[in-house]
Amino acid sequence: MTAPDLTVDIGGLKLRNPVMTASGTFGYAREFDHYIDLNRLGAVIVKGLSLKPSKGNPPPRIVETDCGMLNAIGLENVGIDAFIEDKLPFLGSLFPPAIANIYGKTVEEYALLAERMEPLEGVKGVEVNISCPNVKEGGVAFGSDPKIAREVVAAVREKTSKHLMVKLSPNVTDIALMARVTEDAGADALSVINTITAMAVDLDTRRPKLANVTGGLSGPAIKPVALRMVWQVAQSVKIPVIGVGGIMNAKDALEFMLVGATAVQVGTANFINPDSTMQILDGMEAWLRKEGVGDVRALIGALETG
Ligand SMILES: Cc1cc2nc3c(=O)[nH]c(=O)nc-3n(C[C@H](O)[C@H](O)[C@H](O)COP(=O)(O)O)c2cc1C
């Protein structure tokens, strides 16, 4: 059998395969250059960027939990100026499209970030994070209020002709509603899901394990929730859905495609094994060959529920 076709189109952006990196778990890609062949990735999504550099929250800000990890990084990042100056030249030299994940504290900040990204040739798309649970202003408020979410996405849409992906928060009652609202506001694709607000406690010290008290849960613990949300969102919108949440191996990635994801993002797995994305890619290809599936797109939404 000839090699299966792994190419996918995530709403105007063509990828050589469906394996992307999840924001905040892959630095600015160079950090992984010694471990993997970055050019084999479908796309690279960088750490969330703000207008000004940010130190994030005080430590401890990462805790391991059963089947997952809890983080309250608080969006530490180099800021857009240093990103353009120091990080983008390397990212722009890679084959996979670089997608800039952005967050602001106001609608205007999101719009300004999109405006700054617009002339940058090395940035092929923008992922709008309206779902970080760890910042006091904005953050989860944007992601859980349909009216504000619509405003943020519309403001970014007005400033960018680049591919526009919106990352939805799982910390909502009706994810399908948030999906429809952000699709209407101009998103080209939706990434589903960000981390789930959670906490961990130390019984002996009687203190929370994170200085921020609460954080965002990721890893295998959230996979069933992410699968359910991707499934619901895929049935509610016409634009492509990108599955994120607890993808540790090829089987996980393919399951997300079955419930309706066009592509996937790999996050926490990168902390356990920096080679995870490559293993997932190889494993997907091997599974498709074994099953005699010539085109990965045949799996998208092919779940049988009847
Ligand atoms: C340490 C850490 C930092 C993260 N930073 C960001 C970020 O800056 N922007 C964002 O949209 N998501 C961020 N995320 C969320 C991930 O991109 C992803 O949505 C989430 O971790 C679920 O996927 P996973 O279970 O594969 O890790 C972060 C996650 C972790 C664990």
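So the sequence shown is numbered by my numbering: it starts at -4 and just counts up by one. By construction, the Cβ of each residue, glycine as well, lies at the ideal position given by its N, Cα and C atoms. This structure is a prediction, so every number in the text was calculated from the model and none was measured.
query	result
Whether Ile97 touches Val39 by CB criterion (8 Å)	no
Cross-strand partners of Val58 (DSSP beta bridge)	Leu65
Alpha helix (DSSP H) runs contained entirely in the segment 220 to 272, provided each spans 4 or more residues	245 to 253, 264 to 267
Three-state class that DSSP yields for Arg11 in the structure shown	coil
Near ligand 1: Thr177 beta-carbon under 7 Å from a heavy atom	no
Local Cβ density within 10 Å of Lys82, reported as buried at 16 or more and exposed below that	buried
heavy atom of ligand 1 below 7 Å from Val39 C-beta	no
Distance cut-off 7 Å: Thr20 Cβ against heavy atoms of ligand 1	yes
Ser45 versus Ala77 - alpha carbon distance	11 Å
Residue environment, Glu299, which counts as buried when at least 16 other CB atoms sit within 10 Å	exposed
Val236 beta carbon less than 8 Å from that of Ala256	yes
Three CB pairs or more closer than 8 Å across the segment 1 to 8 and the segment 141 to 161	yes
Touch test, the segment 248 to 262 against the segment 9 to 23, Cβ-Cβ under 8 Å, three pairs minimum	yes
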